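First comes the structure, then the notes that go with it.
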Amino acid sequence: MPDDLKNVIVFTLAGVRSAAELRWVREVISLGFVTSVPTAPPGIAGAFNLRGHLVPVLDIAALARAGNGASPRQGDSALLVEIDGVSAALRVDKVEEVATLPAADAGAVLDGRGRPVPLIDPAALVRQAIADANAVRGDDDDAPAQPTPRDPTTGARVRLAFDGDTTLG
Amino acid sequence: MAERDLLADFDPDELAMLRQLFRDEAHEALEQVTARAQGAGAGSLEAVLEMMRTTHTLKGAAGTVGLDAVVELTHALEGALAAVRNGQRPWTPAFADAVVEIVDGLRAHIDAHADPAVAAALANRVRELLAPWAELPRGRRPPRDDDTGPTRALDGDGTVVDEVDATATGGVTNPDLSGSHDARTLLRVEPERVDELMSAAGELLFDRNRIERRVQLLRTLTRDLGRVRQELRDQLAGAGSPALGAIEGQIATLSTQLAQTSAALLDETEAMRRTLGDLQRGLTRVRMQTARALFAQLARALRAASRATGAKVELRTRGEDTEFDKTVAEKVTDPLIQILRNAVAHGIEPPAERVLRGKAATGVIQIAARAEGNLVVVEIADDGRGVDVKKLRERLVERGRWTAARAALASDDEVVAALFDPGVSSRDEADELAGRGVGLDLVRETIARLGGEIRMSSTPGKGTTFTLRLPVSTAVTHAMLFKVHGQVYALPNAQVIDVITVDAASATWPVGGERVPVVELSRLLATPGATGDGPARRPAVVVAYADKRLVCSVDKVIGPREIVVKQLGPLLAPLPLYAGATISGSGKVQLILDPAALVRTAYPGHTLTDPAIAEPVRASLSGRALVVDDSRAIREALMSMLAREGWIVDTAEDGVRAWGLAQELHYDLIVTDLEMPRLGGLELIGKLRADRRTAQTPIVIVSSRVSPEHRRRARELGVRGLIAKPVTRRKLLEVLYADGR
Chain A
260 MPDDLKNVIV FTLAGVRSAA ELRWVREVIS LGFVTSVPTA PPGIAGAFNL
310 RGHLVPVLDI AALARAGNGA SPRQGDSALL VEIDGVSAAL RVDKVEEVAT
360 LPAADAGAVL DGRGRPVPLI DPAALVRQAI ADANAVRGDD DDAPAQPTPR
410 DPTTGARVRL AFDGDTTLG
Chain B
122 MAERDLLADF DPDELAMLRQ LFRDEAHEAL EQVTARAQGA GAGSLEAVLE
172 MMRTTHTLKG AAGTVGLDAV VELTHALEGA LAAVRNGQRP WTPAFADAVV
222 EIVDGLRAHI DAHADPAVAA ALANRVRELL APWAELPRGR RPPRDDDTGP
272 TRALDGDGTV VDEVDATATG GVTNPDLSGS HDARTLLRVE PERVDELMSA
322 AGELLFDRNR IERRVQLLRT LTRDLGRVRQ ELRDQLAGAG SPALGAIEGQ
372 IATLSTQLAQ TSAALLDETE AMRRTLGDLQ RGLTRVRMQT ARALFAQLAR
422 ALRAASRATG AKVELRTRGE DTEFDKTVAE KVTDPLIQIL RNAVAHGIEP
472 PAERVLRGKA ATGVIQIAAR AEGNLVVVEI ADDGRGVDVK KLRERLVERG
522 RWTAARAALA SDDEVVAALF DPGVSSRDEA DELAGRGVGL DLVRETIARL
572 GGEIRMSSTP GKGTTFTLRL PVSTAVTHAM LFKVHGQVYA LPNAQVIDVI
622 TVDAASATWP VGGERVPVVE LSRLLATPGA TGDGPARRPA VVVAYADKRL
672 VCSVDKVIGP REIVVKQLGP LLAPLPLYAG ATISGSGKVQ LILDPAALVR
722 TAYPGHTLTD PAIAEPVRAS LSGRALVVDD SRAIREALMS MLAREGWIVD
772 TAEDGVRAWG LAQELHYDLI VTDLEMPRLG GLELIGKLRA DRRTAQTPIV
822 IVSSRVSPEH RRRARELGVR GLIAKPVTRR KLLEVLYADG R
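Taken in order, these protein sequences are the chains called A and B. If you read the first sequence in the working numbering, its first letter stands for residue 260, the second for the next number, and so on. If you read the second sequence in the working numbering, its first letter stands for residue 122, the second for the next number, and so on.
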């Protein structure tokens with residue numbers, strides 16, 4: 260395929276058509292019941308259960324610092340993306356099409372009628388969300404002994420059960 | 122196989138372990154046979170075939186671990202069943218009974234491995250039982266059985282009996298059931314029973330906490346009684362009534378005894394807490410096993426696979442002592458064997474090819490297990506040819522799995538990951554070992570169902586590495602569930618000591634004679650659009666963590682439940698408030714709060730990033746105080762007095778312990794005795810003053826030695842006040858609030 264063609268998925272969000280490169284998108288899903296996560300940064304709009312896995316729902320607008328998007332609800336469409344092994348759902352209003360479109364200048368593709376459709380970068384959004392989440396944890400590093408250390412790769416709490424003294428049974 | 126041959130294959134420990142595995146397996150297999158012989162549809166072709174399969178598998182396993190007598194007996198049983206299958210003998214109630222008896226006998230024989238004489242006698246008993254049905258000559262030699270695959274033997278029609286070779290010689294009463302290394306009798310317990318015990322131990326912890334609260338109350342009442350007695354004595358002074366004086370004396374004696382008893386009770390509840398902790402840890406350990414057994418099974422599978430392909434492979438293992446839950450170990454065995462077979466079938470090149478590529482003729486597969494937090498990481502790495510990404514990419518398109526466009530766009534890692542998709546294989550022809558394209562998708566599914574994950578990475582020409590991340594345990598945990606703003610949250614039950622009702626407006630609440638900070642979860646867990654104030658009285662859970670307690674007010678308590686903990690992942694894990702999540706029966710995600718984070722929220726002196734969370738609680742408290750005294754009674758008295766003023770109080774029995782605590786935690790007040798073991802009060806104060814963090818901390822001395830010299834030194838050290846023992850509340854408050862604090 261020539262360099263100037265991109266496989267993209269075109270969707271609308273708050274009335275605006277946008278596209279994401281297909282290589283990041285595992286599948287298009289319909290959200291299950293979304294549990295809100297208090298204290299999470301605005302970019303993380305909640306979490307839901309996808310086939311037994313906990314998947315965070317991300318707010319594209321908030322992550323792009325373009326205000327907060329609509330709260331995700333059960334049945335909403337979302338793009339399931341996986342970046343560096345991290346899965347997340349990007350809520351969208353409507354998925355329009357999957358297409359191979361010529362790249363326009365500066366982060367956009369041209370649709371069938373030659374109109375530019377801005378490209379979002381799911382990888383950057385997910386990394387932004389991780390950075391935002393880490394910013395919530397903030398600077399309590401010098402607080403006396405974080406009582407339960409976390410596994411850095413999975414984020415799992417290391418100890419949780421019985422007097423905080425044994426592994427989770 | 123004789124013991125000598127086996128020991129060439131396994132080291133004694135490995136053999137002992139394999140035999141233990143065999144015994145577990147045999148119990149399950151024999152139970153199945155019994156169930157089939159007695160259950161509905163007994164005697165049907167299907168039932169008989171299943172019994173044959175089970176028996177055959179058992180025979181193969183017994184052969185591998187060198188239990189010749191079991192091989193012989195299961196072989197005979199299989200023969201007897203084959204006669205039924207072939208229509209040579211009808212299925213009769215008598216035969217069904219005989220099968221059950223034979224199976225019982227086999228079980229007893231297998232269990233009697235520790236005593237060769239008993240085992241031999243039991244084997245003979247089974248031979249007798251079998252004799253009418255299987256025409257088994259007494260004391261015949263066991264058959265050779267190199268075929269351990271269940272399917273092959275069943276392919277032949279009615280040939281199972283024919284396999285018995287006729288080289289019968291006398292005396293099978295060999296003692297190989299009793300190798301000295303497996304003489305230890307091991308207990309076999311259903312995991313559910315251990316879970317029940319763990320649950321009961323958890324309940325005990327809850328009970329203990331309730332008892333402790335009662336004891337605290339008793340101590341408060343005892344102190345009150347002492348005060349009443351004091352008042353009585355003051356009233357009686359000068360009244361000159363000997364009778365009343367005598368009664369006052371009796372009350373004094375009783376009051377002292379009561380105080381001593383309740384102090385002793387408190388010590389005992391403390392001892393109980395430790396024992397309960399040991400109990401729970403021990404029970405957790407019961408379910409754990411090391412990776413050793415798993416590795417030994419993998420080693421066997423690898424030997425079989427390399428025999429089949431002619432590949433020369435050396436297995437290196439690391440982390441044999443890594444522990445994980447028995448259930449996880451069992452469930453992960455088949456996926457790991459599949460990965461090993463893949464490595465042999467797809468990865469390791471034939472010796473000649475390896476030499477051509479400049480590699481050692483013998484391939485190396487490394488298996489390493491290690492603990493990472495509450496995960497076990499298992500890595501399987503081979504030094505074979507790796508995945509031919511180019512070819513795989515082409516194949517994905519050829520087979521119509523991917524569009525050419527997708528294949529062109531996908532990175533190498535994504536292409537390799539496609540091997541986990543159903544129906545994708547990198548090998549051209551399906552062979553016995555792997556390449557049917559039904560391997561890795563099942564592997565991934567099994568691992569995912571366990572709550573783990575699998576990754577694959579490959580370097581062409583260098584080899585392939587699989588990385589599995591598995592939960593240490595899949596066992597459920599107990600949690601207290603409650604609702605806040607309509608959403609359900611959980612707290613680990615181990616840290617929840619009570620469910621109470623509190624006034625919504627209170628910043629602290631008495632728990633066990635101590636005023637404990639109240640955290641309004643409706644505020645902490647505010648969601649957009651959540652409504653404001655709730656009712657004036659609301660339910661609350663009392664949380665104890667790391668010797669600290671707090672009360673969390675909620676909207677509604679749902680109650681204790683068993684939950685399976687899910688990891689939060691890199692996006693949610695950084696949020697300090699959550700320890701994990703669980704998925705409800707209806708498929709909703711429920712967040713598990715981290716008791717440690719709640720404690721940090723409730724106790725001042727810990728920097729919190731969100732002032733909106735920290736301030737309301739901080740403002741309501743006087744702060745956090747440390748009481749240092751070698752007398753427990755005085756510690757308790759000071760603690761009680763300070764708690765009543767809204768202080769959160771920690772105690773230390775000497776200067777060393779106090780110094781340790783002051784290093785770890787921020788204190789707004791330190792009250793210390795002077796004469797103490799290990800490190801005295803003045804020395805402690807010296808150290809505190811020399812440390813930047815405690816240089817300014819208000820310090821009050823409580824001592825029976827109050828000389829002018831002491832007062833001078835106390836002033837030099839910047840001590841706020843000096844109280845002469847006995848301490849009273851009034852004296853304490855005077856010192857604390859003297860200069861307009």
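Ideal Cβ positions, reconstructed from N, Cα and C, are used throughout, including at glycine. Fair warning: this is a prediction, and the values are worked out from it, not measured in the lab.
Interface flag, residue i vs chain B, CB-CB below 8 Å
| i | result |
| --- | --- |
| Val267/A | no |
| Pro297/A | yes |
| Ala273/A | no |
| Leu313/A | yes |
| Ala358/A | no |
| Ile303/A | yes |
| Val345/A | yes |
| Val340/A | no |
| Val354/A | no |
| Arg351/A | In the sequence as displayed, the identity of residue 351/A is Val instead of Arg. Not an interface residue. |
Bridge partner(s) assigned by DSSP for residue i
| i | result |
| --- | --- |
| Ser277/A | Phe270/A |
| Ala365/A | In the DSSP output, where bridge partners are listed per residue, Ala365/A has none listed. |
| Tyr666/B | Lys669/B |
| Gln209/B | Answer is none; Gln209/B lacks a bridge partner. |
| Met577/B | Phe587/B |
| Arg439/B | Ala489/B |
| Pro660/B | Thr622/B |
| Met409/B | Asp446/B |
| Trp254/B | Trp254/B is not bridged to any residue. |
| Ser346/A | Glu341/A |
Chain A within 8 Å of residue i, Cβ atoms only
| i | result |
| --- | --- |
| Arg799/B | no |
| Pro456/B | no |
| Leu693/B | yes |
| Gln410/B | no |
| Gln459/B | no |
| Leu698/B | yes |
| Leu689/B | yes |
| Leu353/B | no |
| Ile332/B | no |
| Ile704/B | yes |
Within chain B, partners of residue i - CB distance below 7 Å
| i | result |
| --- | --- |
| Val287/A | The contacting residues do not exist; Val287/A stays about 15 Å from chain B at best. |
| Ala388/A | Leu692 |
| Val368/A | Per Cβ cutoff of 7 Å: no residues; Val368/A is ~14 Å from chain B at best. |
Partners in chain A for residue i, counting only beta-carbon separations shorter than 7 Å
| i | result |
| --- | --- |
| Ala647/B | Pro297 |
| Gln608/B | Thr294, Ser295 |
Contacts that residue i makes with chain B (C-beta to C-beta distance below 9 Å)
| i | result |
| --- | --- |
| Arg282/A | Arg527, Leu530, Ala531, Ser532, Glu535 |
| Asp392/A | For clarity, residue 392/A is Ala in the given sequence; the question names Asp instead. The contacting residues are Pro691, Leu692, Leu693, Ala694, Pro695, Leu696. |
| Val213/A | No answer is possible for residue 213/A: it lies beyond the span of chain A, which begins at 260 and ends at 428. |
Beta-carbon neighbours of residue i, restricted to chain A and to distances below 8 Å
| i | result |
| --- | --- |
| Gly708/B | Gly291, Phe292, Asn308 |
Contact list for residue i against chain A, beta-carbon separation under 9 Å
| i | result |
| --- | --- |
| Gln711/B | Thr294 |
Does the region 420-435 of chain B come close enough to the region 388-401 of chain B that 3 or more CB-CB pairs lie under 8 Å? no
Touch check for the region 447-454 of chain B and the region 403-422 of chain B: three-plus C-beta pairs under 8 Å? yes
Counting only runs that start and end within the region 274-332 of chain A, where is the beta strand (DSSP E) found for 3 or more residues in a row? 275-280, 284-289, 303-309, 312-317
At a cut of 8 Å, does the region 358-369 of chain A reach the region 657-671 of chain B through at least three beta carbon pairs? no
Across the region 684-703 of chain B and the region 293-304 of chain A, are there enough close Cβ pairs to call them in contact, namely three or more that are closer than 8 Å? yes
Touch check for the region 337-345 of chain A and the region 743-761 of chain B: three-plus C-beta pairs under 8 Å? no
Evaluate contact between the region 167-180 of chain B and the region 195-208 of chain B, counting only Cβ atoms and requiring at least three cross-stretch pairs below 8 Å. yes
Where are the alpha helix (DSSP H) runs, 4 residues long or more, that stay fully inside the region 450-484 of chain B, in chain order? 472-477
Entirely within the region 804-853 of chain B and at least 3 residues each: give me those beta strand (DSSP E) ranges in chain order. 820-824, 842-845
With three or more C-beta pairs closer than 8 Å as the rule, is the region 322-340 of chain A touching the region 708-728 of chain B? no
Cβ pair count under 8 Å reaching 3, the region 825-843 of chain B against the region 772-787 of chain B: no
Decide yes or no for the touch test of the region 523-533 of chain B against the region 613-631 of chain B: beta carbon pairs closer than 8 Å, at least 3 of them. no
Pair every Cβ in the region 486-493 of chain B with every Cβ in the region 517-525 of chain B, then say whether three or more of these pairs are closer than 8 Å. no
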